[in-house]
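J.: Would you mind keeping the following structure in view while I ask a few things?
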Amino acid sequence: MSRETVLHKVRTALGRNAGQPVEEPPPVRLRIPEIDIEARIASFRTRIEALAGKTYAARSAREARDYAEGIISGRTAVASNAPILREFGITALPGVQTGVTDREELRALCATAAVGITGADYALADTGTLVLLSSQQEARMISLLPPVYIAIVKRERLLTGLDELLTVLPHPAEQTSSMVLITGPSRTADIEQILVRGVHGPGEIHVVVV
Amino acid sequence: MSTLFDEKIHDTLADPKLQLAIYKATGRLIEERRKAIEPDICPDYQELRTQANAVKRHTIEHLDYYLEEFARNVEAHGGKVIFCRDAEEVSDFVLSLAKERRAGLIVKSKSMTTEEIDLNERLEHHHLESVETDLGEYIIQLAHERPYHIVAPALHKTREQVADLLTDKLGVPRETVIEKQTMIARAVLREKFLAADIGISGANFLVADSGAVVLVENEGNARLTTSAPKIHIAVAGIEKLIPRAQDLAVFLKLLGRSATGQWLTVYTSFLSGPRRKDEIDGPEEFYVVLLDNGRTKVLADRERRQSLYCIRCGACLNHCPVYRKIGGHSFPWVYSGPIGAILTPQFLGVRHEPGLPFASSLCGACAEVCPVKIDIPQILLDLRSEVKKAETREGKNRLERLAFRAWAWVMRHPRIYEIAGMAAASLAPSGDGGWVRSVPLSAGPLRAWLSQRDLPPAAPKSFRQMWRER
Chain A
6 MSRETVLHKV RTALGRNAGQ PVEEPPPVRL RIPEIDIEAR IASFRTRIEA LAGKTYAARS
66 AREARDYAEG IISGRTAVAS NAPILREFGI TALPGVQTGV TDREELRALC ATAAVGITGA
126 DYALADTGTL VLLSSQQEAR MISLLPPVYI AIVKRERLLT GLDELLTVLP HPAEQTSSMV
186 LITGPSRTAD IEQILVRGVH GPGEIHVVVV
Chain B
-15 MSTLFDEKIH DTLADPKLQL AIYKATGRLI EERRKAIEPD ICPDYQELRT QANAVKRHTI
45 EHLDYYLEEF ARNVEAHGGK VIFCRDAEEV SDFVLSLAKE RRAGLIVKSK SMTTEEIDLN
105 ERLEHHHLES VETDLGEYII QLAHERPYHI VAPALHKTRE QVADLLTDKL GVPRETVIEK
165 QTMIARAVLR EKFLAADIGI SGANFLVADS GAVVLVENEG NARLTTSAPK IHIAVAGIEK
225 LIPRAQDLAV FLKLLGRSAT GQWLTVYTSF LSGPRRKDEI DGPEEFYVVL LDNGRTKVLA
285 DRERRQSLYC IRCGACLNHC PVYRKIGGHS FPWVYSGPIG AILTPQFLGV RHEPGLPFAS
345 SLCGACAEVC PVKIDIPQIL LDLRSEVKKA ETREGKNRLE RLAFRAWAWV MRHPRIYEIA
405 GMAAASLAPS GDGGWVRSVP LSAGPLRAWL SQRDLPPAAP KSFRQMWRER
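Chain order of the listed sequences is A and B.
Counting with our numbering, you get residues 6 to 215 for the letters of the first sequence.
Counting with our numbering, you get residues -15 to 454 for the letters of the second sequence.
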């Protein structure tokens, strides 16, 4: 509609011409500290717990599966199509539905399920953050609609922080339409600054580090 | 100063409950921010600010280039970019799309830009239901009010008032427990999310090299708004651009810390285009509306264009001694506090509320806490000068100019200055408890100014006398 008008007004305001090149922007500022994996795991768990999330360090697939089973405890759950969940036997737990590839079907399922379970592409140690990229394997709704959320993260996926994530993944849009960073349970403090968890997204989150 | 501005200020000052609510909320936000930027938590905080300022300066100075790069990349990912000059063009676009797609229900996540153009009202006028889904925004939409604060829109509402609103508007039994109020809103809004045809969000950042819209939030309503309906429209001011996804490493750290003291907010969404072929969910259509609405006017001023660096963290509001007394609704437009005091006159013209740039003590707290280092006090001074020039052109401040000319003349003549000083001291009433509470001019043009201020009594000897006797 007004594309050329607005661009013309911008150029006039700045005294620039159409197609005029730009000087180099300031160099990006990314700092990656050297932190060993055990310290990263410790920091990751501390941060999530500080935000009232729960964490569990599983030594084996079996431990991860047992932990998930305990959380689900007979309720209905939706698991994403992440290979790790099948590999660990989580998709075979009672009450768990998985393998959905239709948008509407998945949404309806997530709207009624008690628990959502996904993998995580990365995790950030310094802030306690999960990083999920939308794909054939991971859908947006599973980590969002059910009131309880479980994420299974492989320990080698733990990065130091946002700076390392954006170094590993300088152009997220080349891979996905949606990259989401999740730092703790959904929360609000909009009435009298009183903290309430689980306002729209899950109020309870469990992160299993394997 | 307009009468309306003056009245709203006095109403706020006269309401002790409201005063306490503002004081507590901003005080808490000040404290949370302070903790999150402590040197052992965030040792490079000042370097981050310097970098953010440099990146924003570069982007704004070459905005046309980055707008074009952004639009190209959105389109490369299957989205569409719509440039709009004003509010009407935005609502025309949304209305025509809604009509084409037979859409009736819109869910919205928090966006100051859509507040700026009264988008909800415009859509409702055409019988579209447009529901705010951020809890605070939902409350003020029910109350038909404007956001009280950039990041805490319902800061002024008590649980009692929220209870009344929910009962009145939703017909639910009265509920004063905040957790339960939140769950009532969750249940109502969940239905809306699942039924909505269109989701409208704002944008915290637009990433040029990715064609991506970045949204930060804590509730999950922005994720639902942008993922549940089949159509996602992001409405953003043209100044929201940053060049590279990697720049987010700086801006995300500053935004959460400055706004609420969070190292990162609960959810950060990086969205580019509609869902890809192999993805399971996400919207089928993706639009980014880029709004001018006065921004190119701001851009034309070399000094003042830094106002467009703002990332809407609200830190300047929390730290402003004026905002903390007069609150958000005293301000004449949607943007309140120090940033509102510089944006409003630039967007709407200095004559819209000529008192606004003067409603500041110029203490500099706003500039000190601004994560992108906008020199707000300097811009306020600049705007004051513009207001006065406009008044002079209109012949409105003759008396004031005369008084200052007389003052200047007296100041240039030491003997006359001394006589005038002695005369004033002998005429001044003696102090009541050490302070002069009224002076003869109280009924004149200085009445409003003096009504809030007491003078110290005149010293027995003037400085000049003491100097001579030394």
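Each residue gets a CB set at the ideal place from its N, CA and C atoms; glycine is no exception.
Please read all numbers here as calculations on a predicted model, not as lab measurements.
Looking at the C-beta of Arg407 (chain B), does it have a partner C-beta in chain A at a distance below 7 Å?
T.: This sequence places Ala at residue 407 (chain B); Arg is not what is there. Judged by the 7 Å Cβ criterion, Ala407 (chain B) is not in contact with chain A.
J.: Taking all protein chains shown into account, decide if Ser410 (chain B) is buried (16 or more other Cβ within 10 angstroms of its Cβ) or exposed.
T.: exposed
J.: Given 8 Å as the limit, is there contact between the stretch 214 to 230 of chain B and the stretch 170 to 179 of chain A, that is, 3 or more CB pairs closer than that?
T.: yes
J.: Let me check understanding here. Comparing Cα to Cα, which of B:Leu292, B:Ser211, B:Glu402, B:Ser320 lies closest to Pro355 (chain B)?
T.: Residue B:Leu292 is the option with its Cα nearest to Pro355 (chain B).
J.: Does Gln455 (chain B) come within less than 7 Å of chain A when only Cβ atoms are used?
T.: The question about residue 455 (chain B) has no answer, for chain B in this structure spans -15 to 454.
J.: When Cβ atoms are compared, which residues of the stretch 317 to 338 of chain B fall closer than 8 Å to chain A?
T.: none
J.: Relative to the C-alpha of Asp195 (chain A), which candidate in B:Gly183, B:Thr142, B:Pro338, B:Ile182 has its C-alpha closest?
T.: Residue B:Thr142 is the option with its Cα nearest to Asp195 (chain A).
J.: Pick out whichever of B:His397, B:Leu364, B:Arg385, B:Gly311 has its Cα sitting closest to the Cα of Gln3 (chain B).
T.: Out of B:His397, B:Leu364, B:Arg385, B:Gly311, B:Gly311 has the C-alpha closest to the C-alpha of Gln3 (chain B).
J.: Restricting to runs no shorter than 3 residues, where is the beta strand (DSSP E) found entirely within the stretch 14 to 94 of chain A?
T.: 59 to 62, 82 to 84
J.: Please report how far the alpha carbon of Asn104 (chain B) lies from the alpha carbon of Glu73 (chain B), in whole angstroms.
T.: 14 Å
J.: Please specify which runs of the alpha helix (DSSP H), each continuous and at least 4 residues long, are wholly inside the stretch 181 to 260 of chain B, giving them in chain order.
T.: 205 to 211, 232 to 244
J.: Count the other CB atoms, across all protein chains shown, that sit within 10 Å of the CB of Val161 (chain B); report buried if there are 16 or more and exposed otherwise.
T.: Classification for Val161 (chain B): exposed.
J.: Return the chain-ordered ranges of every beta strand (DSSP E) run that is complete within the stretch 93 to 169 of chain B and spans a minimum of 3 residues.
T.: 113 to 116
J.: Could you work out which residue in B:Pro0, B:Pro329, B:Arg17 is closest to Ile363 (chain B) when comparing CA atoms only?
T.: B:Pro329
J.: Can you pull the chain B neighbours of Glu197 (chain A), defined as C-beta to C-beta under 7 Å?
T.: Those are Thr142, Arg143, Ile162, listed as they occur along chain B.
J.: I'd like to know whether the C-beta of Leu283 (chain B) is nearer than 7 Å to at least one C-beta of chain A.
T.: yes
J.: From the DSSP output, in three-state form, read off Tyr401 (chain B) for me.
T.: Tyr401 (chain B): helix per DSSP, three-state reduction.
J.: Any beta carbon of chain B sitting closer than 7 Å to that of Leu167 (chain A)?
T.: For Leu167 (chain A), the nearest beta carbon of chain B is closer than 7 Å to its own beta carbon.
J.: Is the separation between the beta-carbon of Leu129 (chain A) and that of Gly79 (chain A) shorter than 7 Å?
T.: No.
J.: Between Ile210 (chain A) and the rest of its own chain, which residues show a CB-CB distance below 6 Å, the 5 nearest in sequence each way excluded?
T.: Gly58, Tyr154, Pro190
J.: What are the boundary residues of the alpha helix (DSSP H) that includes Ile44 (chain B)?
T.: Segment 29 to 45, the alpha helix (DSSP H) holding Ile44 (chain B).
J.: Let me check understanding here. Comparing Cα to Cα, which of B:Ala171, B:Glu144, B:Ser93, B:Glu203 lies closest to Ala116 (chain A)?
T.: B:Ala171
J.: Here's the rule: buried if 16 or more other CB atoms are within 10 angstroms of the residue's CB, otherwise exposed. What is Gln436 (chain B)?
T.: exposed
J.: Below 8 Å, can you find three or more Cβ-Cβ pairs linking the stretch 120 to 134 of chain A to the stretch 84 to 97 of chain A?
T.: yes
J.: So Cys300 (chain B) is in the alpha helix (DSSP H); what residue range does that whole segment cover?
T.: 299 to 303
J.: Quick one: what's got a C-beta closer than 8 Å to Val394 (chain B)'s C-beta in the same chain, skipping five residues either side?
T.: Ile400, Tyr401, Ala404
J.: Could you tell me which of B:Ala233, B:Trp433, B:Ser256, B:Ser211 sits nearest to Glu109 (chain A), measuring between CA atoms?
T.: B:Ser211
J.: Which residue's Cα is closest to the Cα of Leu106 (chain B): B:Thr117, B:Phe77, B:Pro131?
T.: Here residue 106 (chain B) is Arg; the residue named in the question, Leu, does not match the sequence. Cα-wise, what sits closest to Arg106 (chain B) is B:Phe77.
J.: Just the C-alpha distance for Gly11 (chain B) and Ala127 (chain B), rounded to the nearest angstrom, thanks.
T.: 25 Å
J.: Can you have a look at Ile25 (chain B) and say buried or exposed, based on whether 16 or more other CB atoms are within 10 angstroms of its CB?
T.: exposed
J.: Taking the C-alpha atoms as reference points, what is the distance between Gly278 (chain B) and Asp(-5) (chain B)?
T.: 31 Å
J.: Can you give me the C-alpha to C-alpha distance between His336 (chain B) and Thr60 (chain A), rounded to a whole angstrom?
T.: 54 Å
J.: Starting from the C-beta of Leu150 (chain A), find all residues in its chain whose C-beta is less than 6 Å away, skip the five residues before and the five after it, and write them out in chain order.
T.: These residues qualify, in order along the chain: Cys115, Ala116.
J.: If Ile184 (chain B) and Glu269 (chain B) are in contact, beta carbons under 8 Å, what's the gap, nearest whole angstrom?
T.: In fact, because the Cβ distance is near 12 Å, the residues do not count as touching under 8 Å.
J.: Which term fits Ser369 (chain B), buried or exposed, when burial requires 16 or more other beta carbons within 10 angstroms of its beta carbon?
T.: exposed
J.: What does DSSP give as the partner residues of Cys68 (chain B) in its beta bridges?
T.: B:Leu275
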